[in-house]
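Q: My structure is below; once you've seen it, I'll send some questions.
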Ligand SMILES: [Fe+2]
Ligand SMILES: [Fe+2]
């Protein structure tokens with residue numbers, strides 16, 4: 001049976017993952033309105049990934065004899081000044097999530113919960129990957145600048161993202 005303290009912390013992380021999903025779906029809406037269907041698609045897959053991150057922890061709590069309690073979500077930010085600011089916000093948010101995952105891992109170590117440590121290692125890897133991917137996107141967008149034809153090509157490239165190619169195959 002999982003300790004209450006740990007179940008509570010995991011429930012807070014489930015909320016944070018769903019909040020991430022909600023934020024990226026709002027960004028997807030912004031891109032769709034800005035005639036950037038590729039970016040909208042990319043962020044919609046991000047929404048799907050974050051939902052998977054949340055449900056993976058949801059299942060884990062139950063498999064360990066705990067209970068998942070879904071908390072309220074905040075209304076996500078929905079207006080942005082530019083495409084680069086959208087991805088800069090993704091990066092900022094992912095850095096925040098990384099700090100949360102690290103703190104949760106530290107708690108799992110202190111509480112000697114070995115199964116939680118193992119599942120969190122997947123999240124630690126995932127954060128490394130997500131931060132690197134979004135950083136690469138920002139760098140490329142900065143190179144492109146305000147050049148319309150280049151943004152058009154960039155958007156078409158993001159349209160090719162599939163869920164399979166962006167997950168590590170474990171979750
Ligand atoms: Fe996540
Ligand atoms: Fe993420």
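Residue numbers (the numbering used here): 1 to 171. Think of the CB as a built atom: it goes at the ideal place given N, C-alpha and C, for glycine as much as any other residue. Here the structure is a predicted model, which is why all the values come from computation and not from measurement.
What separation, rounded to the nearest whole angstrom, lies between the Cα atoms of residue 3 and residue 109?
A: Cα to Cα, the separation comes out at about 13 Å.
Q: Grab me the residues of residue 76's own chain with a C-beta within less than 6 Å of its C-beta, minus the 5 sequence neighbours each way, in chain order.
A: Counting only Cβ-Cβ distances below 6 Å, and skipping sequence neighbours, we find 22, 23 and 26.
Q: Comparing the CB of residue 53 with every heavy atom of ligand 1, is any distance shorter than 7 Å?
A: Yes, the beta carbon of residue 53 sits closer than 7 Å to at least one heavy atom of ligand 1.
Q: Helix, strand or coil for residue 2 per DSSP?
A: DSSP places residue 2 in coil when its eight states are reduced to three.
Q: Looking at ligand 2, does it come within less than 7 Å of residue 138, judged from the CB to the closest heavy atom?
A: It does not: the Cβ of residue 138 is nowhere closer than 7 Å to a heavy atom of ligand 2.
Q: Touch check for the region 86 to 102 and the region 58 to 66: three-plus C-beta pairs under 8 Å?
A: No: the two stretches stay apart, fewer than three of their Cβ pairs being nearer than 8 Å.
Q: Should residue 50 be counted as a contact of ligand 2 given a C-beta to heavy atom distance under 7 Å?
A: Yes, Cβ of residue 50 sits closer than 7 Å to a heavy atom of ligand 2.
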